[in-house]
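Structure record follows, encoded as structure tokens.
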Amino acid sequence: MIKIKNLYKSWEGFSLKNINLEVERREYLVILGPTGAGKTLLLETMAGFHFPDKGEIWINSKNVTYTPPEKRGIGFVYQDYLLFPHLTVEENIRFGLEKSEERGKIREVMEWLGILHLAKKYPEKLSGGEQQKVALARALVRKPGVLLLDEPLAAVDQKTKEYLREELKRVHKEAEITTVHVTHDRTEAIVLADRVAVMMNGEIKQVDKTSDVFSKPSNEEIAAFVGVENILKGEISRYKEGVALINTEEMEIYAASKYQDGKVTVLIRPEDILLSRNRPETSARNNIRGTISEVTYLGAIYRIKIDKGLVAFITKKSWEELKLKTGDQVYFSFKATAVHTLKS
Amino acid sequence: MRFPTNGSLNRQIKKSKIEALFLFFLSIGSLLLLFVCATLGNMFYEQLNDLPGLINTLKDPAVLHSIWVSVSATTVSTLTAFLFGVPLAYFLARKDFLGKGFIEGVLDVPLMIPHIVAGIALYGVFAQSGLIGSPFRKIGIIFQDAFPGIVVAMLFMSFPYLVDSAKEGFKTVDPRLENVARSLGVSQWKAFTKVTFPLAFPSIFNGVLLCWARGISEFSAVLILAYFPKSAPILIYEKFTSFGLAVSRPISVLLILICLLIFVFLRTCKRRKQ
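Protein chains in written order, with the numbering used here: chain A, 1 to 344; chain B, 345 to 618.
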């Protein structure tokens, strides 16, 4: 378990401001944030590579704020692996072990991660994915209490990334290790995290269950970062039984809202919007009619924008079946519960 | 005759262009090689015509002793430079502080000043009545006209080579490698000895070679502070001024041969280690 209290740190142009964060035992916490947010600095401070200017860090009920990294019982993996280039894979993994406990353990961890065949190779001969696995093995062989991962999937190709993501999931599950994973990649957070801490400009802005961070971001900045494309300003005109009618500049939106009046910001995730040619007969409270103004192909999905400024995602297959094009009239339908409101 | 296809023709043109650049650079560069070879080769060639002179020199105990003095003094000086210079280089490579540029500049001063000037400065401090010379005399260590004086003069002139090379070597080692090492449970000291030092070793070793070479070739500073025991360059100079080229040349040839052997040996050791 990790507990960070009122942590401050400035270093080489990055700074951490009043960080408070708790990681439960065996939890997988992802710290999500844009480049330059100070995520790596936070992780390195947790590891003891930097000492904080102010605040405290507790690991497993011990105050380790000024404990050197070698005494913290952590495993640390960098984005660019940082294997020791002058040592073989086996020697890399053996690095942190006492002589007496070597052989069996090294074999065990290499088998577990499927890198036994690389034992005698030097790091420069390995692919990015292989290097990352060796770095993981090196960190895990000592059975640390906490695993700290700094953008562990950022330097590999897409296919390897997907594979390693599953491996990380398996490692976490099988080793039952408290894990903190820093990334700017939303997919990694969705796939791996029990909880997500959103970090921006050196501050933790929101800590929540993964699904909540993506559906109920606590401010517009976070909303934009986690991929809520529809961020609208409006005012509540009516409220009844938990549902508010919100007037925005271009439309009226029903929202399941905790606010009963006043000005609000409306957030709708594009994947929660259903697109159809005719008015659909669904239970969705919101059916917005508009003209397609922009179509962007994103690989597996299309991003459709209508003249009222709303954006929806639709699968390639559905898009082709609908036979729509720019300028056509369509309906955007979404439930009142798919609308998240923020007080503005 | 068959003409090459378009693709392979292009490749050939491309290849010959690259080769042309290398050939051009080689032809310019070999002038330097020629410069060294002509100068030393001429000396060796003339010595070949006077083999008995060389053999007599080989038998002269004064000559052998002077070479021994040179080799052992530069070795002691290089070890001293290593012992103090490596920690300094590591510190300078890792830490930034106010006045660092100034300190680095001061450390490079011995590379800039005329050696005779360095000798005079050293004499002022290490002579028996000097700032450092006089307290050391009380514990029985004398620099003036003594072996330690030769070591000190060589050290002053040569340690910047070692410090500079080692510093560049340490800079190429990512400090995050040390972070990782420490996260694996080893102390800062062990992270240095097991990761940083081995990775910086090629540069440090180059520094050691340069330092050793610069030490053994030192003349002026040694001349002023410690004329005795006679080191090889001093003896050569003395023979040259008293008896001329024919007597001083065989000692020079011998010194070059010995240095060359030591260098080749060390370089081979290093290559084998890598």
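Even glycine gets a Cβ: it sits at the ideal position worked out from N, Cα and C. These figures come from a predicted structure and were not determined experimentally.
Cβ-heavy atom distance, residue i to the ligand ATP, below 7 Å
i	result
residue 186 of chain A	The ligand ATP is absent from the structure shown, which contains no ligand whatsoever.
Counted within 10 angstroms of its Cβ, other Cβ atoms place residue i as buried (16 or more) or exposed
i	result
residue 258 of chain A	exposed
residue 70 of chain A	buried
residue 159 of chain A	exposed
residue 294 of chain A	exposed
residue 483 of chain B	exposed
residue 200 of chain A	buried
residue 297 of chain A	exposed
residue 364 of chain B	exposed
residue 348 of chain B	Note that residue 348 of chain B scores 49 on pLDDT, short of 50, meaning its location in the model is unreliable and no value can be drawn from it.
residue 382 of chain B	exposed
residue 418 of chain B	buried
residue 172 of chain A	buried
residue 263 of chain A	exposed
residue 558 of chain B	buried
Secondary structure of residue i, DSSP reduced to three states
i	result
residue 305 of chain A	strand
residue 8 of chain A	strand
residue 348 of chain A	Outside the shown range of chain A (1 to 344) lies residue 348 of chain A, about which nothing can therefore be said.
residue 216 of chain A	coil
residue 459 of chain B	helix
residue 206 of chain A	strand
residue 36 of chain A	coil
residue 317 of chain A	helix
residue 310 of chain A	coil
residue 390 of chain B	helix
residue 348 of chain B	No answer about residue 348 of chain B holds up, because its pLDDT of 49 lies below 50 and its placement is not dependable.
residue 516 of chain B	coil
residue 341 of chain A	strand
residue 404 of chain B	coil
residue 252 of chain A	strand
residue 432 of chain B	helix
Whole-angstrom distance between residue j and residue i, CA atom to CA atom
i	j	result
residue 463 of chain B	residue 49 of chain A	46 Å
residue 252 of chain A	residue 246 of chain A	6 Å
residue 584 of chain B	residue 592 of chain B	5 Å
residue 136 of chain A	residue 157 of chain A	18 Å
residue 7 of chain A	residue 58 of chain A	11 Å
residue 328 of chain A	residue 232 of chain A	23 Å
residue 75 of chain A	residue 139 of chain A	5 Å
residue 36 of chain A	residue 10 of chain A	13 Å
residue 540 of chain B	residue 522 of chain B	7 Å
residue 567 of chain B	residue 527 of chain B	53 Å
residue 452 of chain B	residue 110 of chain A	49 Å
residue 145 of chain A	residue 60 of chain A	8 Å
residue 230 of chain A	residue 223 of chain A	9 Å
residue 532 of chain B	residue 542 of chain B	15 Å
residue 345 of chain B	residue 373 of chain B	Residue placement at residue 345 of chain B is poorly supported in this model, since its pLDDT is 44, which falls under 50; the coordinates still yield a value, given next. Distance between the alpha carbons of residue 345 of chain B and residue 373 of chain B: 38 Å.
residue 614 of chain B	residue 380 of chain B	25 Å
residue 506 of chain B	residue 554 of chain B	7 Å
residue 99 of chain A	residue 85 of chain A	21 Å
residue 579 of chain B	residue 402 of chain B	14 Å
Whole-Å CB distance - residue i paired with residue j, under 8 Å assumed
i	j	result
residue 183 of chain A	residue 151 of chain A	6 Å
residue 420 of chain B	residue 495 of chain B	5 Å
residue 196 of chain A	residue 185 of chain A	Their Cβ separation, rounded to whole angstroms, is 12 Å, which puts residue 196 of chain A and residue 185 of chain A out of contact at 8 Å.
residue 488 of chain B	residue 471 of chain B	5 Å
residue 132 of chain A	residue 163 of chain A	Not really, about 10 Å apart at Cβ, beyond 8 Å.
residue 331 of chain A	residue 289 of chain A	6 Å
residue 544 of chain B	residue 503 of chain B	Contact doesn't hold; Cβ gap of about 17 Å is too wide.
residue 387 of chain B	residue 608 of chain B	About 19 Å separates the two Cβ atoms, so there is no contact after all.
residue 1 of chain A	residue 25 of chain A	5 Å
residue 43 of chain A	residue 148 of chain A	5 Å
residue 333 of chain A	residue 284 of chain A	4 Å
Candidates the options, of which the one nearest residue i by Cα
i	options	result
residue 316 of chain A	A/323, A/329, A/325, A/302	A/302
residue 180 of chain A	A/105, A/30, A/338	A/30
residue 427 of chain B	B/573, B/510, B/413	B/510
residue 249 of chain A	A/309, A/93, A/281, A/204	A/309
residue 256 of chain A	A/171, A/321, A/342	A/342
residue 538 of chain B	A/91, A/161, A/128	A/91
residue 272 of chain A	A/228, A/242, A/236, A/290	A/228
residue 83 of chain A	A/111, A/284, A/124	A/124
residue 617 of chain B	B/445, B/549, B/379	B/549
residue 517 of chain B	B/607, B/546, B/553, B/478	B/546
residue 424 of chain B	B/569, B/460, B/552, B/437	B/552
residue 63 of chain A	A/3, A/86, A/118	A/3
residue 188 of chain A	A/28, A/5, A/16, A/18	A/28
residue 409 of chain B	B/457, B/575, B/366	B/575
residue 118 of chain A	A/55, A/267, A/134	A/134
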